[in-house]
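Those letters in the sequence shown? Residues -3 to 807, per the working numbering, in order.
The beta carbon of each residue, even a glycine, is placed where N, CA and C say it ideally should be.
Just so you know, these numbers come straight off a predicted model, no measurement behind them.
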Amino acid sequence: MAILDELPSDRRAWLDCLDETTFDVFERLDAVFDPAERVPWNVKLADTPMGRLAKEAGGAEWRALGLWGQLRLHISVGKGVYHRALTSVFTPVLRRAPRWTPAEIELLWRVAVTPTPLGRDRQPADLYRLPLAATRRLPVAEREPYVEFLRQVKDHLAQRPWGATDSVKRVIDNLLADHAGDPAVAARDLINELDPFATLLREEYAARFGTPEILPLLRHWTTATNPRPNAAWLDQAAALLTPDAVTLVKAVLGRIPGYRERVEPHPYRPVVTYFHEHTAVLVRGMVWTCELVGEPWVTALLGDVAVATGTGVGGSGPNSRNERTTNAALGVLARRGGLEAVTQLARVQAKVRRKSILALVARTLDGVAEQTGLSPEQLLDRTVPSFGLGPDGTRTEHGLRLSADGVIAFVDGGGKVRKTIPKAVRSAHGELLAELRTTAKELKKTLPAERFRVERALAGERIWRWRDICAHYLDHPVTGRYGKALIWEIPQGPAGLPVRTTGGWELADPQGRSIQPLPDTPVKLWHPISAAVDEVRAWRDHVLAIGLRQPFKQAFREVYLLTPAEESAGDHSRRFADHVLRYGQAKALLTERGWTGLSLGHWWAEGGYNQAEAVKELPGLTARWDFHLDEESGERDAYGTASLCVSGDIRFTDEHGHRVSLAEVPPRVLSEALRDADLAVGVTSTGLDPEGRDDYWHSYNLGDLTGTAQVRRDALTRLVPRLAIADRLELTDRFLRVRGDLRTYKIHLGSGNILMEPNDAYLCIVPRGATDHAFLPFEEDGGMLSVIVSKAFLLVADTAITDPSITHQLR
């Protein structure tokens, strides 16, 4: 018989347990099996000779069919050949689920675990299909003889990183859990230690997972392999769900926001481990279970999970740590419905940069908006939580006060606000304090999302009705923190800051003139690009005069109009090209501003990783900014990631990907895109570092000011006369000149670097804050305005400097 002839002599004893009927089936199969035949991928296996023979088999022949396929695959793999046609034998056998004898099951296992001459690493996962199926059908007590086989396969598969064996691993884990004895050991069998999060679960939660009440649900969670749960999966989860399981879900998912990926070096590119697929399946099952939990904490927790898993390595970037988990959380939010879910979707929209995730968020918002008859923007306006704050933006109970900035303080009987909460108050009102701290945590997550949303409306030139501005941007205790500090205008009409009067909200201009728009009056956020120079100047003077600190630059917002060079170039701008930037910092800043796609590294230059483009979706257009590696320095970290990059052209494309002439780009869209570029260059340029390339450092520090630096200079023109040291300061075209007692210094308005007269020697000073010295109308450009003012105050009193690292340079 062919199979006997080909089986190694030391393994022929395996067949002693077989009867003549089985050998007859072997003979018929060997007659139609051609080792040299290759079945094309477009041919159905059922149409092969073995497939037809398998369909004709019946009764006891099914077991013989499976045994022959198992032995034949073992022999073929040992010769370095994988016959696809052999799987046509396994499929019908698995479908019929015959009742195997103990001897046959042991034979299936021995064939599966015995290494071939080519080694165990060449063992295909198909060899485990039949013995696993046979073992699963047995009662738990009858599986005991095969537990050692299960453990051997589990240990072997743990060394194989590819995902094709994940389903096999899950079956083995569930079978071994029945034989663990200790419930905690059973739980650990189901939670493979394949990533740091799984290690955390095994070490801290194994005992809770292993309780009789939760272990069946843990098994169910490990089956969450589909993109979304079906009704049967949810019904079974509901039947297994207990109060203890709900508490455990909250605890485990609550650990995800604080969990960080592990990054390991690799010759080509770093290997990032966040969730192994095995762990992701378990987490996904727990996320799906949240759909069955009606507790108030669920929605916010799902938002935390979506943000944490949806952002890239380090919490930024265009990729996501684990998109399937993000999508699972978003799916549950969508199915739970309710306006409270919209707030969490807004958080994801503000933080995550993965295009596919953002598209899912947009579709979810569109669906909720359609149900309510509102646009997605109107829906977001109406769903910002108030967190129990009153119209003044505070909530005070028993002397404990929560303010709109998320700070908890104590207000004594005399009305004085104290940062420290008395011990007696903490003891008497511990539950209230705990509730306020939870609320403050959620409030602090909402604030940046709201700021991002409002500024995006400014860039997109959104128009509201005045009644909606009053209700959702001025009277709201959270969004009102931003809305009341911004300038609003009636299109082709007056602009003003909101002022509360007995008759309602009005808009007051810098001269004190006010107007009360009608409820249906269209209103938008004022932008200096559409204002006359005198109007911009008046607003900047007014903001400083009343000490108004805006949530983002509006009065002092940079404006970027087309230059003659850009008009000549036609479809691209080189205004911010050829700057050497700190790659990681530039990527994080651009990601925060809504740009995606920037990914550079030295690990594979031939594959294009030495160049990339950052992309930002704008109203009707897409902005694209080219980058490439700084090959001159070749700097990189231990993982091959670039340390420096060089900026290139900026261009715009329409919805079809066609380039658009810069003259056709709406002025506000163009200005906002170039503003992001200027901010990235101003904050991340190596021109800030005198240890960088000499030519670039000097050109950056002595060259013309960028738009951001020009606005900074304009602000200093108004600030300097108000400073106590004004008589020692002089503002030139590119420097703030400071007259100290020892030397005279020049602080560059772009970089903040200091040159000492008369020979322009460089002076290195570590920046410090300036909030104690002067009111600043903005501090959005990386804190450079604060740095410049702080350095000026320090250098005026240069004789009082005691830091030896500075005094050594002065001498």
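- Secondary structure of residue 801 (DSSP, three-state): helix.
- If the five residues before and after residue 704 are omitted, its C-beta is found closer than 7 Å to the C-beta atoms of 554, 674, 675, 678 and 777, all from its own chain and listed in chain order.
- Under the 8 Å Cβ criterion, the region 184 to 199 counts as touching the region 269 to 277, having at least three qualifying pairs.
- Under the three-state reduction of DSSP, residue 242 is assigned to helix.
- Contact between residue 94 and residue 59 holds: their C-beta atoms lie close to 5 Å from each other, under 8 Å.
- Separation of the CB atoms of residue 582 and residue 641 is rounded to 7 Å, and the pair is thereby assigned contact status at 8 Å.
- For residue 496, the uninterrupted beta strand (DSSP E) run begins and ends at 491 to 497, by DSSP.
- In this structure, residue 618 places its C-beta atom within 8 Å of the C-beta atom of residue 648.
- Counting only runs of 3+ residues, the beta strand (DSSP E) found wholly inside the region 245 to 298 occupies 258 to 260 and 267 to 269, in chain order.
- Pairwise C-beta distances place the region 314 to 328 out of contact with the region 365 to 375, as fewer than three of them are shorter than 8 Å.
- With respect to the C-alpha of residue 279, the residue from 319, 315, 258 and 290 having the closest C-alpha is 319.
- In chain order, 317, 318, 321 and 322 place their CB closer than 6 Å to the CB of residue 305, counting only its own chain and leaving out the 5 sequence neighbours on each side.
- Cβ neighbours of residue 439 within its own chain (closer than 6 Å, five residues either side excluded): 383 and 402.
- Cβ contact annotation for residue 702 (same chain, cutoff 7 Å, sequence separation greater than five): 674, 677, 678 and 746, in chain order.
- Secondary structure at residue 509: coil, using DSSP grouped into helix, strand and coil.
- Collapsing the DSSP output to three states places residue 483 in coil.
- Annotation for residue 372: the continuous alpha helix (DSSP H) segment containing it runs 372 to 378.
- Of the candidates 724, 732 and 700, the residue whose Cα lies closest to the Cα of residue 712 is 732.
- In its chain, beyond the 5 residues on either side, 794 and 795 have a beta carbon closer than 7 Å to the beta carbon of residue 737.
- Boundaries of the beta strand (DSSP E) around residue 500: 500 to 504.
- Residue 725 and residue 805 have their C-alpha atoms roughly 21 Å apart.
- Here residue 740 carries a strand assignment [DSSP, helix/strand/coil].
- In the three-state scheme derived from DSSP, where H, G and I count as helix and E and B as strand, residue 460 is classed as strand.
- As the crow flies, the alpha-carbon of residue 400 is around 22 Å from that of residue 418.
- In chain order, 170, 173 and 186 place their CB closer than 8 Å to the CB of residue 215, counting only its own chain and leaving out the 5 sequence neighbours on each side.
- Pairing residue 392 with residue 474, the inter-Cα distance amounts to about 15 Å.
- Scanning its chain for C-beta atoms nearer than 6 Å, with the 5 sequence neighbours on each side dropped, one finds around residue 461 the residues 516, in chain order.
- Secondary-structure assignment with DSSP links residue 559 through no beta bridge to anything.
- For residue 107, no beta strand (DSSP E) encloses it; the enclosing alpha helix (DSSP H) starts and ends at 98 to 109.
- Two segments are said to touch when three or more pairs of C-beta atoms, one from each, lie closer than 8 Å; by this definition the region 555 to 570 touches the region 651 to 660.
- Contact check for residue 107 against residue 61 fails: the beta carbons are separated by 8 Å or more.
- Taken through DSSP and simplified to helix, strand or coil, residue 753 comes out as coil.
- For residue 663, the enclosing alpha helix (DSSP H) covers residues 663 to 680.
- Sequence-distant Cβ neighbours of residue 788 in its own chain, meaning closer than 7 Å and more than five residues away, are 721, 725, 732, 734 and 743.
- When only Cα atoms are considered, residue 150 and residue 168 end up about 7 Å apart.
- Secondary structure of residue 518 (DSSP, three-state): strand.
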